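Let me begin by presenting the structure, written as structure tokens, before commenting on it.
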Amino acid sequence: MGIRLEATVDVVIRTHRRRRHRVEIFNEIEDHIERLKERGLFERDDIKLWRRGDKYKSTFSSKETWKLTRVSRVKVNWSPGIWFAFNTPKYSFMAWLAILNRLATGDRIRQWNTQHTSSCVFCNDPMESRDHLFFVCKFSEEVWKGLTQKLLDVRYTCQWDQVIPLLLDQNRDKTELFIVRYVFQATLYAIWRERNQRKHGEEPMTPGQVIKMVDKNVRNRLSSIRDRAHTGGLSLWRFIVSAANVPLALNHATAARADPETESSSEEALPVGAEASGPSLVFSSSADDDGDMSGVGAGGDEVEAGDLVDEDLGGFAPPEAGEALGVVVGFFLAVVGAEAVGGEVGADAVDFGEPVAAGEGEVELLSPLDISAPASGGGSAANTAVTANKATARDNSLKSLNYQIEEKKKMEQLSNGSITDNIFPSAPAPLKQPFVIGVAGGTASGKTTVCDMIMSQLHDQRVVLVNQDSFYHSLSAEKLKKVHEYNFDHPDAFNTEVLLSCMEKLRSGQPVSIPSYDFKTHQSIESASPVNPADVIILEGILVLNDPQVRDLMNMKIFVDTDADVRLSRRIQRDTVQRGRNIQNVLEQYTKFVKPSFDEFIQPSMKYADIIIPRGGDNDVAIDLIVQHIRTKLCQHNLCKIYSNIFIISSTFQIKGMHTLIRDVNTTKHDFVFYADRLIRLVVEHGLGHLPFTEKQITTPTGSVYTGVDFCKRLCGVSVIRSGESMENALRACCNGIKIGKILIHRENNDGRQLIYEKLPKDIASRHVFLLDPVLASGNSAVKAISLLISKGVPESHIIFLNLIAAPQGIHALCKKHPMVKIVTSEIDASLNEDSRVIPGLGEFADRYFGTDNSKNFQAGLKISK
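Just so we're aligned, residue 0 is where the sequence shown starts under numbering that gives the first Met the number 0, counting upward by one.
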């Protein structure tokens, strides 16, 4: 056209001469230039025009640009079955490769390398292909059948080209379709993973173990979904797996790999209630896989099938960061033969309709599912119900029987002299002070489910469940005539005195007969069989947190918080089906008594709970964390569970080694002082952590703002002369310039002590006080010293007592007299001897520390150190 590349519109309009071109578009440009000349448009800003089809626009559109630049592919109908909401990306990617037949199967590798072995690693078929691996191979077919036969029902197939249409069936319920798709992808991933591991020489897994792994991954995914459209997915899947009668290998940690020659096959799976020695058990799906306690035996360990742990696949993040112990409690459901055990919420999936439920202490009746096959063992799950109390009794009876058999064997061996009478490893002896858990919440909130799950996971401890419903007052004949006017949700409806008496006996290690209450006759019935003491006592009921006397018995208080509508639906289901009442009476009672009592007594008691579990939903994380906390407490010294103001520094080999040195009678004075000072410094540092701190913002040398804490300013130490003076240097090293007072208490006799000297800071009443005494023996000196500090105006909660070792007698005396005083120690010893010395102890601390010990060994060591 004769226009320079760098020419502007203005230059073109002024200097360009029209020409004729063979290309029509150039002629159109020439015409446009001529029109601009006629209009005299010479001084206007240049603009960019973007072409959209046959038109030019002044704005850029990324959408139109993408349409122009993208490479269009042929649309496929299987896309929704691979890429869908709430999928797991690695599973979907794997399924996408499989559906495109791009996996490195034997037949494809053979095309690249004719020397490559193309046989199937599972069944040794000469040609491994995608269609063979999924799911014609005997191994894969067993896995696929075990997971989907009940789910797909009459449409079940193992042919690849027939499976893919099932992923696109829009006639299915949305939740059920999601489960079909997700199980398909998870199964593909698990089989392909197992295939690759066998190729690389890894120890093989059995089909049952692969099913276990897939089942766990499906539960994890369903429990993490927070979408109403998928409500009830986890409960539906649990029912399907329970009804499928698939043998699952249960192990203490995860789906452990087992030798195929020793692993029980599907035909050899143990029946419900069977036991196996060692840490691994094999049950049918009706056993403990979903928490049913009928399969628990004293000889083995099991783990919940829904545990959010996946060591093989890299772990699973708990849903909703920050929920910690306040996450939703998992739905607990298992079908055992013809019995449905432990349910609290009806599974609202396919044809579930409104949620159905069992109530307090009992189980649900399952709503009809869109699955024609009945539960294993005969009879449908829809007309089967048993109480959780039966499951508990069955579990306890199994444990008790096992324990008695083991005890008898041990006694026979003792009589024969084949073993010594030092320990019985079959079952631990009950703790002197059991761990008491209180579980409260509104009626039909899911308390019994929480209790059952805790009990099933604490299978290696003796656990007893005490239900507050057992302690209702019997109704007189006059009250029975007006039973519908009686408020069962009021604190006066319970016989609290009998409840406290039973709990006190259990806590003291005595067997007790707990009554049972008949809700049809409204009479309390004396129990014929006593309840034996246990390591853990769970007290469950709507008002267990309301009474302060009952609360004081508990080491852990849990409140199950569930939506009122859900609780009402469960109560209707429970009272109509299991207690023989009509809906009208249930609704009237709920409106007149249950709801007002909840607002007046139950809801306010939530403030006393240590742990609040909201919604009582479909997540096992809360129970796992609670059980982990309980196990930690059970491993601690008994006194730590009795008194919450006792703090023991974490025991390590280093601390244990230093204790060994300072307790050794042959340790020299120099070594004794050195290691005692190290231990004292650790105790002081730990004690400083119990002081109040305030938030403080400072500016760092880089100019950034750092938010930290400010130390408590007003501190002082008080040492009990003379041994307490050994702890002053460590306190001064940690708190520069701290004021230190002194108290001297002289022992007159074994019955009392006399204060003969005290020198304290004048403003001690306004300070936090560290009371220093390395050894807490009988506690008399400590009680006297603390009483003196309190008389000087020091609040009891402002006193922190620091010592190296303590005797239980001293802790009891101090905590009962001054329960608000914090005690920080490094170790609790066994007891006191007749001379009120700590056993095993370390002798007279002050004499050994200051070199005034008269023992020959110590004096010899003193000379050497000098």
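Note that the Cβ used here is the ideal one computed from N, Cα and C, for glycine as well.
This structure is a prediction, so every number in the text was calculated from the model and none was measured.
| query | result |
| --- | --- |
| Return the CA-CA distance between Asp9 and Asp53, expressed in angstroms with no decimal places. | 26 Å |
| Which residues in the same chain as Asp306 place their Cβ atom closer than 6 Å to its Cβ, once the five residues preceding and following it in sequence are excluded? | Its pLDDT being 36, under 50, Asp306 is placed unreliably by the model, and the measurement read from it follows with that caveat. Correct list: empty, nothing qualifies. |
| Going by the CB atoms, is the gap between Pro433 and Ile513 shorter than 9 Å? | no |
| Distance check for Ala6 and Arg19, CA to CA, integer angstroms please. | 20 Å |
| Could you check where the beta strand (DSSP E) with Phe558 kicks off and where it finishes? | Met555 to Asp560 |
| Where does Ile647 sit, in a helix, a strand or coil, going by DSSP? | strand |
| How big is the Cα-Cα spacing for Leu221 and Val153? | 24 Å |
| If I follow the unbroken alpha helix (DSSP H) through Trp65, where does it start and stop? | Ser61 to Thr68 |
| Check whether the segment 726 to 734 touches the segment 678 to 688, taking contact to mean three or more Cβ pairs, one atom from each stretch, closer than 8 Å. | yes |
| With 16 other CB atoms within 10 Å as the buried threshold, where does Glu539 fall? | buried |
| Examine the ligand NAD and report whether any of its heavy atoms sits within less than 8 Å of the Cβ of Ile739. | For the ligand NAD, the structure offers nothing, since it holds no ligand at all. |
| Using the rule of at least 16 other Cβ atoms within 10 Å of the residue's Cβ for burial, across every protein chain shown, is Tyr589 buried or exposed? | buried |
| Which whole runs of the beta strand (DSSP E) in the segment 474 to 520 are 3 residues long or more, in chain order? | 515 to 517 |
| Note the first and the last residue of the continuous alpha helix (DSSP H) segment covering His229. | Here His229 belongs to no alpha helix (DSSP H), and DSSP marks it neither H nor E. |
| Contact check, Val559 vs Ile612 under 8 Å by CB: the rounded distance? | 5 Å |
| May I ask which residues mark the beginning and end of the beta strand (DSSP E) holding Asp709? | Val704 to Asp709 |
| In terms of residue numbering, what span does the alpha helix (DSSP H) encompassing Glu27 cover? | Glu23 to Arg38 |
| Count Cβ pairs between the segment 762 to 777 and the segment 709 to 729 that sit closer than 8 Å; are there 3 or more? | yes |
| Measure the C-alpha to C-alpha separation of Ser722 and Lys758 and round it to an integer number of angstroms. | 16 Å |
| How about Lys815 and Ile785: are their beta carbons less than 9 Å apart? | no |
| Please report the straight-line C-alpha distance between Ile571 and Arg580, rounded to a whole angstrom. | 9 Å |
| May I have the straight-line CA-CA distance separating Glu484 from Val593, to the nearest angstrom? | 12 Å |
| For Gln467, which of Ile697, Lys480 and Asp488 has the nearest alpha-carbon? | Asp488 |
| Would you kindly report the start and end of the unbroken beta strand (DSSP E) that includes Pro613? | Ile610 to Pro613 |
| In the segment 759 to 813, which residue ranges form an unbroken alpha helix (DSSP H) of at least 4 residues, counting only runs that do not cross its ends? | 779 to 790 |
| Take every Cβ of the segment 699 to 711, pair it with every Cβ of the segment 832 to 849, and state whether three or more of those distances are shorter than 8 Å. | no |
| In chain order, what residues of the same chain have a beta carbon less than 6 Å from the beta carbon of Val543, not counting five sequence neighbours either side? | Gly437, Ala439, Gln467 and Val549 |
| Tell me whether the segment 140 to 159 and the segment 204 to 218 touch, counting them as touching only if at least three CB pairs, one residue from each stretch, are closer than 8 Å. | yes |
| Could you tell me the alpha carbon to alpha carbon distance between Gly850 and Lys668, rounded to whole angstroms? | 7 Å |
| Taking the straight line between their C-alpha atoms, what separation do you get for Ala189 and Met212? | 8 Å |
| Would you give the residue range spanned by the alpha helix (DSSP H) that Gln583 belongs to? | Ile582 to Gln588 |
| Since I believe Asp130 is in contact with Trp159 (beta carbons under 8 Å), could you give me their beta-carbon distance rounded to a whole number of angstroms? | 5 Å |
| When you compare only the Cα positions, how much space is there between Val585 and Ser515? | 22 Å |
| Please report the straight-line C-alpha distance between Ile541 and Asp846, rounded to a whole angstrom. | 57 Å |
| By the three-class DSSP mapping on this structure, what secondary structure does Ala84 have? | coil |
| Report the option in Pro773, Leu474 and Ala781 whose CA atom is closest to the CA atom of Ile744. | Ala781 |
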